[in-house]
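Put into structure tokens, the structure is as follows:
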């Protein structure tokens with residue numbers, strides 16, 4: 439089990455077992471928290487983040503991939519509070535408090551959203567190539583990025599009771615493009631960082647969607 443708090447910064451790093459142990463400590467399932475668990479619970483925002491993990495209104499998974507690696511980060515969002523489990527390496531991640539209003543900015547930082555040249559025209563792409571962008575096999579993954587002229591890609595899946603929303607893109611020196619898929623076909627549509635940012639600000643469910 440990994441559960442540690444960086445001295446000075448208060449950064450909480452843990453693995454799945456560490457998250458489970460911290461959740462139990464927060465819920466009071468164990469005895470009085472000691473050691474790293476007590477230190478983590480004293481970090482501002484961490485108790486609220488753990489409450490969101492325990493009872494989220496929406497969850498999110500963010501897969502960021504390149505020819506070199508694939509990382510998966512996760513988030514749990516409640517009203518006014520949330521938690522981002524930001525992938526570091528292997529099963530180790532940072533647990534970060536993130537309010538729903540700050541979630542789009544957090545995603546933008548992770549995917550390195552910023553001013554970019556725009557691809558000129560939409561480009562049809564085979565679904566198998568898109569699947570290979572985050573494939574476990576390094577060769578298949580590298581081949582997919584070479585074929586699409588991309589340096590990295592990301593897929594954001596948001597789910598809540600009664601609904602879901604997905605946003606996917608490829609990015610890099612050749613430009614930023616959104617992945618648009620319909621049954622039987624897919625394409626890369628040129629997009630600006632501003633457009634993608636606006637989509638990120640609308641990716642979480644609103645009150646009406648949560649009440650359905």
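Numbering (the numbering used here), first residue to last: 439 to 650. For glycine and all other residues, C-beta sits at the position ideal for the given N, C-alpha and C. What you are looking at is a predicted structure, and each value in this text was computed from that prediction instead of being measured.
DSSP three-state label for residue 459, please.
Of the three classes helix, strand and coil, the one that applies to residue 459 here is helix, per DSSP.
Going by beta-carbon coordinates alone, are residue 551 and residue 503 separated by less than 8 Å?
no
Once the 5 residues before and after residue 455 are set aside, which same chain residues still bring their CB inside 6 Å of it?
439
With a CB to CB cut of under 8 Å and the five nearest residues on each side skipped, what residues in its chain are close to residue 489?
464, 516, 519
Helix, strand or coil for residue 558 per DSSP?
coil
Which of the three DSSP states is assigned to residue 533 in this structure?
Here DSSP, grouped into helix, strand and coil, assigns residue 533 to strand.
Minimum C-alpha distance to residue 445 - residue among 462, 481, 542:
Checked all of 462, 481, 542; the closest Cα to residue 445 is 481.
The alpha helix (DSSP H) spanning residue 638 covers which residue range?
631-639
Note the first and the last residue of the continuous beta strand (DSSP E) segment covering residue 442.
441-443
Boundaries of the beta strand (DSSP E) in which residue 523 is found, first to last residue
Its beta strand (DSSP E) spans residues 519-527.
Proximity to residue 628 [Cα-Cα], best of 573, 579, 553
553
Are there three or more Cβ pairs, one per stretch, closer than 8 Å when the stretch 634-642 is compared with the stretch 531-548?
Counting C-beta pairs with one atom in each stretch, the stretch 634-642 and the stretch 531-548 have three or more that are closer than 8 Å, which means they touch.
Between the Cα of residue 647 and those of 609, 447, 601, 621, spot the shortest distance and give me the residue it belongs to.
Of the candidates 609, 447, 601, 621, the one whose C-alpha sits nearest the C-alpha of residue 647 is 601.
Return helix, strand or coil for residue 481, following the three-state DSSP convention.
coil
Based on the DSSP output, what are the partners of residue 628 in its beta bridges?
615
Would you mind working out which of 611, 557, 561 sits nearest residue 619, comparing C-alpha positions?
Looking at the Cα atoms, 561 is the closest of the given residues.
Please report the distance separating the alpha-carbon of residue 650 from that of residue 581.
42 Å
Cβ-based neighbour list, residue 493, same chain, cut-off 8 Å, excluding 5 preceding and 5 following
These residues qualify, in order along the chain: 516.
Helix, strand or coil for residue 550 per DSSP?
coil
Specify whether the stretch 526-534 and the stretch 609-623 touch according to this definition: at least 3 beta carbon pairs, one from each stretch, less than 8 Å apart.
Because the criterion of three Cβ pairs below 8 Å is not met, the stretch 526-534 and the stretch 609-623 do not touch.
Close Cβ partners of residue 610 (< 7 Å) along its chain, the five nearest in sequence each way excluded
588, 589, 590
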